[in-house]
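Take the sequence shown: its letters are residues 11 to 118, numbered as in my numbering.
Each residue gets a CB set at the ideal place from its N, CA and C atoms; glycine is no exception.
Comments concern the structure below.
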Amino acid sequence: MQSPFMLFQRYMNSKYGIEIKKNEVATESMILFHEEIDEELFLQEDLEKLPDPLLLLTMEYVDKKKQEWIFCIAAPEGNSDQWLHGLCIRDGKLVDNHILLEIEKYPS
């Protein structure tokens, strides 16, 4: 089983040089219909490729500069192991909407 936290941790370290610990991250999972999702977070062309409703796995982290990072993984409802799409938000702005979802492709 893949760990969403491990993906977030490796992504943040690889892309931004930020090391995070599990106890510094808040997590939440929710089932959302497309019309409930903020259009500024998921581009319409990405959202159209995803199931409706979808399971959204989210992790939130605040760094030393007080920047809020939200990392989201979309999965089919009822299957949190089948990752379909990933994105990252910093301080309310989308910074990456096509995150590589294979943990092994990031340095450990």
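Burial is judged here by how many other beta carbons sit within 10 angstroms of a residue's own beta carbon; P117 has fewer than 16 and is exposed.
Contact annotation, L42 with L60: C-beta distance approximately 10 angstroms; criterion of less than 8 angstroms not satisfied. A Cβ-Cβ separation of about 6 angstroms places H44 in contact with L57 under the 8 angstroms criterion. An exposed status is given to V72, since fewer than 16 other beta-carbon atoms sit within 10 Å of its beta-carbon. When C-alpha distances from M16 are compared across D62, L67 and I99, the shortest belongs to L67.
When DSSP states are grouped into helix, strand and coil, K32 belongs to the helix group. DSSP places K25 in no beta strand (DSSP E) but in the uninterrupted alpha helix (DSSP H) bounded by P14 to Y26. Taking each of K25, Y26, E78 and E46 in turn and checking the Cα distance to R100, the smallest one comes out for E78.
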